[in-house]
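Q: Dropping a structure here in structure tokens format, bear with me for questions.
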Amino acid sequence: GDSVTQMEGPVTLSEEAFLTINCTYTATGYPSLFWYVQYPGEGLQLLLKATKADDKGSNKGFEATYRKETTSFHLEKGSVQVSDSAVYFCALSDRGGYGGATNKLIFGTGTLLAVQP
Amino acid sequence: DAGVTQSPTHLIKTRGQQVTLRCSPKSGHDTVSWYQQALGQGPQFIFQYYEEEERQRGNFPDRFSGHQFPNYSSELNVNALLLGDSALYLCASSLVGQGYTEAFFGQGTRLTVV
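As you go down the protein sequences, you meet chains A and B in turn. For any residue, its number in the working numbering is found by taking its place in the first sequence, counting from 1, and adding 499. Going by the working numbering, 37 is the number at position 55 of the second sequence; the sequence numbering is gapless.
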């Protein structure tokens, strides 16, 4: 079945460092891809998304490009801040559900990012 | 806009008991999905409700059941609780229609089974 694999954490960086969190996926169809962020004690927030190959999602300085040839969706940020410390989840959405519009999400195991001042 | 609201926020139950968790979707949304997030893991899809029917189901036993009401709110019921059911339960709402719409998550209900 469909699955998502992301790099294990924790990832510890100094403020203003460059961030990369790797994510690869396995899917039979043409999934949409997402990065969600979870701050301590909170639910999930959508960070960015891409719905087709070569799309680039971006938000709050974070970027990820949907690479069909390498089945990847790596998250990057040029300069991290302490406030970026959180758990980041890569996810895909299959299109097998009703209406094909918004369907179940399949998540990776999450990567804890800790940014030190 | 209140967003997705879940209740209660925390819950402690004893093995063998039954529990009901509640979710109110974001205004305008008609689809509710439930996820289980064990400590240190990613969320796992339990099931999805649309038009008061279960439309998709993940790999969870029949002890997990749900319901959707005419106002689109939803309940998750878990019977015969096991210690392994301890987790954060997340509700996500979305809108079925043409094209993609984002799933919005609630803050979750932290269930502890002792």
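The C-beta atom is built at its ideal place from N, Cα and C for all residues, glycine as well.
In whole angstroms, what separates the C-alpha of Ala600/A from that of Tyr31/B?
A: Unreliable placement is indicated for Ala600/A, whose pLDDT of 41 sits below 50; the coordinate value is still reported in the next sentence. Distance between the alpha carbons of Ala600/A and Tyr31/B is about 14 Å.
Q: Pick helix, strand or coil for Gly66/B, following the three-state DSSP scheme.
A: Looking at Gly66/B - three-state DSSP - the assignment turns out to be helix.
Q: Go ahead and label Ile(-6)/B buried or exposed: buried means 16 or more other beta carbons lie within 10 angstroms of its beta carbon, across all protein chains shown.
A: The residue is exposed, with fewer than 16 neighbouring Cβ atoms inside 10 Å.
Q: Helix, strand or coil: which one does DSSP assign to Ser584/A?
A: In this structure, Ser584/A counts as coil in the three-state DSSP scheme.
Q: Please list, in chain order, the chain B residues whose beta carbon lies closer than 8 Å to that of Thr608/A.
A: Residues of chain B passing the Cβ test: Gly22, Gln23 and Gly24.
Q: Any beta carbon of chain B sitting closer than 7 Å to that of Val536/A?
A: By this cut-off, Val536/A is not an interface position.
Q: Please name the residue in Pro530/A, Pro616/A, Tyr565/A and Ala585/A whose C-alpha comes closest to that of Gly508/A.
A: Here the closest residue by C-alpha is Ala585/A.
Q: Cys73/B to Asn41/B, Cα distance in whole Å?
A: About 17 Å.
Q: Would DSSP call Val96/B helix, strand or coil?
A: Three-state result, Val96/B: coil.
Q: Between Gln537/A, Ser531/A, Asp593/A and Ser582/A, which has its C-alpha nearest Lys555/A's C-alpha?
A: Among Gln537/A, Ser531/A, Asp593/A and Ser582/A, the Cα nearest to that of Lys555/A belongs to Ser531/A.
Q: Using 8 Å as the cut-off, can you tell me whether the segment -3 to 7 of chain B makes contact with the segment 48 to 64 of chain B, which would need three or more C-beta pairs spanning the two stretches below that distance?
A: The segment -3 to 7 of chain B, when compared against the segment 48 to 64 of chain B, does touch it at the 8 Å Cβ threshold.
Q: Is Tyr597/A close to chain B? Criterion is C-beta to C-beta, closer than 7 Å.
A: In this prediction, Tyr597/A scores a pLDDT of 45, lower than 50, which makes its location untrustworthy; the coordinate-derived value is nonetheless stated afterwards. Closer than 7 Å to some Cβ of chain B, the Cβ of Tyr597/A qualifies, so yes.
Q: What does Gly528/A touch in chain B if you count any residue whose Cβ is under 9 Å from its own?
A: What Gly528/A touches in chain B: nothing, since even the nearest Cβ is about 14 Å away.
Q: Use the C-beta contact count for Lys567/A: other C-beta atoms within 10 angstroms, 16 or more gives buried, fewer gives exposed.
A: So Lys567/A counts as exposed.
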